[in-house]
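Chemist: For the sequence shown, our numbering gives the first residue as 395, with consecutive numbering after it.
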Amino acid sequence: MLRRSYTSRNPRHLLPEAQAYVERETARGWWVLWDAEEWWRDRYEFILQHGYTQRTRFRPGLKPSWIGTDLNPYRLDDGYRHLDESIISATRVADGKPLIIRRIIVNVMSTEVAIGKYLTNSDFSNDPANHAVPVLDVFRDVSHGLQFVVMPVLRHFDDPPFSTVSEVTDFVFQTLEGIEFLHGRGVAHQDCSIGNIMMDATPLYPDGFHPINQDMLPSFDGPARHLTRRQASPVKYYFIDFGISRLWLGKTKVTRSPGAVGRDRDVPERQDNDNIYNPFLVDIFLLGYPVPTSLTHTCLIVIRTYFLAPLADAMMKTDPEQRPTPSEALALFRIIINEQSGLSLRRRLQTANESLLWRMLQDLGAIFRELLHVLTYFLGGGRQPQRPKPSA
């Protein structure tokens, strides 16, 4: 029988028994739009008027494309459900670029739009140190008190997973660089935990990927293949979700401010009853987490990134005043990286349950791939080998 899941294991064409099952389930309403989806369908024309078209599934009056065929609805765009009512995938009519549109309630989260537009203005947008998710467009539904923010399609920062030590150090460098940029422009993120760090994975996916079911090709014809970060052009990491962020313009130095609750409830100063603290120092603590902790969250052990522990320890001091500024954290990071050899930075990351034999075999394979990468470069067909040692 047909599996009710969205995986590449589902065949594109169904056997007669499965086809009959799909027709019965369709008649029973299994693939009808859910409430969250109906909300977006009802605004299809409104969004189209602003230059964006939604997925096929949300076109008003559309009939299921698999009816009368042997096609698997789980391998079709109009058969794939969208469960997040706050965002929708769309395509820009002008150039066919896939994008994400986020719905924001003006009277609750209007500062998020203001901060996003501020960080995307012409003075900042071309700065390579700017790692705030770009706000490409904003339009309003005045009658319902809503704003719609258009942003690029991103993936979580560790999807696909890191494979070498240098990929981890590049990630750490970019996040520190990004928070230094934000603080230098008066922005305290206050929620820059690992759940709010994303990646522009375009260089890793030469054939693209579906914006919602990101394991699949845009056409749903099969799984989306990806390159490693070593094989592709450099990726860029971004901070998202400025919903509880604060912006201070001018020369006023903020040391204490009413706090906000984000994804991470373990920040020491958020345990105080008065909930008044320095929001910039909270960002430093939150960014200390991805250094060691995010790797274990993605089933990677930190044996080969142990040298980053002093950086994480400094950033996660219980006393906020003992934590480094972003510039100081970057300086410490550079010192640490400059003490490592190029070979150690190119080493493969080690999974937590590897046996000695398996680790040796995987390391040999990684060495072979590295040699092949270097050879390909010198023959004129590859990307330059990197040794990530950011100098001061």
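Cβ coordinates follow ideal geometry from the N, Cα and C atoms, glycine included.
Using three-state DSSP, classify Q448 as helix, strand or coil.
Modeler: It is a strand residue.
Chemist: Can you check which of these residues, R740, A582, Q734, is closest to I678 by C-alpha distance?
Modeler: Answer by Cα proximity: A582.
Chemist: Does the structure place the stretch 588 to 599 close enough to the stretch 618 to 631 that three or more beta carbon pairs sit under 8 Å?
Modeler: With the cut-off at 8 Å, the stretch 618 to 631 and the stretch 588 to 599 touch.
Chemist: Which residues in the same chain have their Cβ closer than 7 Å to the Cβ of P787, if we skip the five residues on either side of it in sequence?
Modeler: Look at the range of the chain in this structure, 395 to 786, and you will see that residue 787 is not part of it.
Chemist: I need the boundaries of the alpha helix (DSSP H) containing R418, first residue and last residue.
Modeler: Note, R418: alpha helix (DSSP H), 410 to 421.
Chemist: Could you tell me which uninterrupted beta strand (DSSP E) segments, each at least 3 residues in length, are contained entirely in the stretch 589 to 636, listed from first to last along the chain?
Modeler: 591 to 594, 630 to 633, all fully within the stretch 589 to 636.
Chemist: Could you pull out every unbroken alpha helix (DSSP H) segment of at least 4 residues lying fully inside the stretch 505 to 540, listed in chain order?
Modeler: Counting whole runs of 4 or more residues, the stretch 505 to 540 contains no alpha helix (DSSP H) stretch at all.
Chemist: Would you call the stretch 609 to 617 and the stretch 554 to 569 touching, i.e. three or more CB-CB distances under 8 Å?
Modeler: No, because fewer than three Cβ pairs between the stretch 609 to 617 and the stretch 554 to 569 fall closer than 8 Å, the two stretches do not touch.
Chemist: To the nearest angstrom, how far is the alpha carbon of T712 from that of G682?
Modeler: Spanning the two alpha carbons is a distance of roughly 12 Å.
Chemist: Based on the DSSP secondary-structure assignment, which residues constitute the bridge partners of M788?
Modeler: For residue 788 there is no data in the structure shown, the boundaries of the chain being 395 and 786.
Chemist: In chain order, what residues of the same chain have a beta carbon less than 7 Å from the beta carbon of R469, not counting five sequence neighbours either side?
Modeler: Contacts found: N404, R406, F614.
Chemist: Find the nearest neighbour of S459 within the set E439, V416, M545, A703, judged by alpha-carbon distance.
Modeler: Answer by Cα proximity: V416.
Chemist: Here's the rule: buried if 16 or more other CB atoms are within 10 angstroms of the residue's CB, otherwise exposed. What is L689?
Modeler: Confidence in L689 is poor, its pLDDT being 48 and thus under 50, which makes the residue's placement unreliable; the coordinate value appears in the next sentence. By the neighbour-count rule (16 or more Cβ atoms within 10 Å), L689 is buried.
Chemist: Spell out the partners DSSP gives L465 in its beta bridges.
Modeler: Looking at the DSSP assignment, L465 forms a beta bridge with H407.
Chemist: Restricting to Cα atoms, I'd like to know which of I606, P720, A414, E432 is closest to P492.
Modeler: It is I606.
Chemist: Run through DSSP, which three-state label would L373 get?
Modeler: There is no way to answer for residue 373, as the model of the chain reaches only from 395 to 786.
Chemist: Could you work out which residue in D464, R717, T514, I730 is closest to V543 when comparing CA atoms only?
Modeler: For the residues D464, R717, T514, I730, the minimum Cα distance to V543 belongs to T514.
Chemist: Considering only residues of the same chain and omitting the five flanking positions on each side of Y512, which have a CB-CB separation below 7 Å?
Modeler: These residues qualify, in order along the chain: L641.
Chemist: Quick check: the stretch 703 to 712 against the stretch 526 to 545, are there 3 or more CB pairs under 8 Å?
Modeler: No contact exists between the stretch 703 to 712 and the stretch 526 to 545.
Chemist: So, for H620: in the same chain, excluding its five sequence neighbours on each side, which residues have a beta-carbon less than 7 Å away from its beta-carbon?
Modeler: Around H620: P554, L598, Y599.
Chemist: Looking only at its chain, what residues have a beta carbon closer than 6 Å to the beta carbon of Q413, apart from the 5 residues adjacent to it on each side?
Modeler: Excluding positions up to five away in sequence, the list reads D464.
Chemist: Run through DSSP, which three-state label would R435 get?
Modeler: Three-state DSSP puts R435 in a helix.
Chemist: Assuming Q541 and V500 are in contact, meaning their beta carbons sit under 8 Å apart, how far apart are those beta carbons, in whole angstroms?
Modeler: Right, their Cβ atoms sit about 6 Å apart.
Chemist: Using C-beta distances below 7 Å, list every residue in its chain close to D448, excluding the 5 sequence neighbours before and after it, in chain order.
Modeler: Here residue 448 is Gln; the residue named in the question, Asp, does not match the sequence. Closer than 7 Å at the Cβ level, and outside the excluded window around Q448, lie W434, Y438, I441, I482, A484.
Chemist: For R486, list the residues DSSP reports as bridge partners.
Modeler: R486 is bridged to Y446.
Chemist: What is the DSSP secondary structure of V562, reduced to helix, strand or coil?
Modeler: Reduced to three states, the DSSP call for V562 is helix.
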